[in-house]
Amino acid sequence: MNASAIAFYAISAFILGAGILAVTTRKIFRSAIWLLFSLIGIAALYFWMQVEFIAALQIIVYVGGIVVLIIFSIFLTQSSGEKMKAPTAKRNIFAILAALFGFAFSANLIREYGFPATAAQPFEVKVSDIGERMLSLSDYGYVLPFELVSVLLLAAMIGCIVIAMKQTVPVKKEETI
Amino acid sequence: MNSIPLTHILFVSTALFFIGMYGLFTRRNMITMLMSVELLLNSVNINFVAFNKYLYPGNLEGIFFTMFIITIAAAEAAVAIAIIINLYRSHQSIDVEDATDMKY
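If you read the sequences in order, they're chains D and F.
Position 77, counted from 1, in the first sequence is what my numbering calls 77; the numbers after and before it change by one each time, with no gaps.
So the number in my numbering is just where the residue sits in the second sequence, counting from 1, plus 177.
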């Protein structure tokens, strides 16, 4: 058990603990803050796996973007101090049973297969390699998905504006007789 | 670094996935359900990066899939929140039990 292993287990416990609190706490604002901690823990896990680029992306997009968006929408839609209704006991028990059964099933499959390690080759992700592959026109290049995702983001942006735009109610002219 | 086998990382991401699934089953508030979906997507991202690092260290496919998933998750969260705000405006509630106008 060296320092790296201890760091991994600490990060994992942090992610799972924050995740459990995010889905069980009754106050919605606290739930958002626990989600924030869980996402930061996942970024730390990416740093531990030495994919610094993905970790930076995770912090920028999730922590800086999505969680802030969620917190804004909480402020816009409801009073954040109120407690939410607790789930009914029947639903709670069946949800716990389903989650535990699914976890046991998947964990059993993973444990039995075991994933034999392949040749230990150092895993290095250079950002320049990612950029070249992303815009490469040759085989196994990712320029087509890149363009598709650009169009998708544009469509999502316009769609959000159209959906959330305040609809102007046509003013009915009062007929005075 | 190599003292942690791949299966332990997969256990963590599986546990995170089922935590998100539990949240999706029990929560009835649309914003918290959206948070659970974010947890699910993140657990899948951990899987992609871990498989890439441990099984195919010469390739970059897992990294690319993770990047595209993060992009699409951002678009999905933005659209979902726009829909939630619009629903709140018309129904004064973001509980899924109250949004049954188009159910039958």
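Note that the Cβ used here is the ideal one computed from N, Cα and C, for glycine as well.
Just so you know, these numbers come straight off a predicted model, no measurement behind them.
Closer than 7 Å at the beta carbon, the chain F residues around residue i
i, result
"D/L39", "N219"
"D/T168", "Under the 7 Å cutoff, chain F gives no residues; its nearest Cβ is about 13 Å from D/T168."
"D/D129", "L237"
"D/S12", "V189"
"D/I96", "Y199"
Where the alpha helix (DSSP H) containing residue i begins and where it ends
i, result
"F/V264", "Looking at the sequence shown, residue 264 of chain F is not Val but Leu. Note, F/L264: alpha helix (DSSP H), 238-268."
"D/K90", "89-113"
"F/D278", "No alpha helix (DSSP H) contains F/D278, which DSSP labels as neither H nor E."
"D/R133", "127-134"
"D/I158", "143-164"
"F/S190", "183-203"
"D/Q50", "It is not in any alpha helix (DSSP H) - D/Q50 carries neither H nor E in the DSSP assignment."
"D/I71", "67-77"
Within chain F, partners of residue i - CB distance below 9 Å
i, result
"D/A117", "N179, P182, L183, Y231, L232"
As assigned by DSSP and simplified to three states, the class of residue i
i, result
"D/K27", "strand"
"F/N222", "helix"
"F/K327", "Residue 327 of chain F falls outside the range modelled here, since chain F spans only 178 to 281, and no answer is possible."
Residue environment, residue i, which counts as buried when at least 16 other CB atoms sit within 10 Å
i, result
"D/M165", "exposed"
"D/R26", "exposed"
"D/S128", "exposed"
"D/F105", "exposed"
"F/Q269", "exposed"
"D/Q58", "buried"
"D/Q121", "exposed"
"F/I258", "buried"
"F/R134", "Nothing about residue 134 of chain F can be read from this structure; chain F reaches only from 178 to 281."
Chain-ordered chain F contacts of residue i [CB-CB under 8 Å]
i, result
"D/F29", "Going along chain F, no residue has its Cβ under 8 Å from D/F29, so there is no contact; the nearest lies around 10 Å."
"D/S73", "I208, I258, I261, I262"
"D/I15", "V189, L193"
Residue i: contacting residues in chain D (beta-carbon distance under 7 Å)
i, result
"F/N263", "I163, A164"
"F/N206", "I28, M84"
Chain-ordered neighbours of residue i on chain D, where CB pairs are closer than 8 Å
i, result
"F/T191", "F103, S106, A107, I110"
"F/A227", "M49"
"F/M212", "A22, V23, S31, A32, L35, I70"
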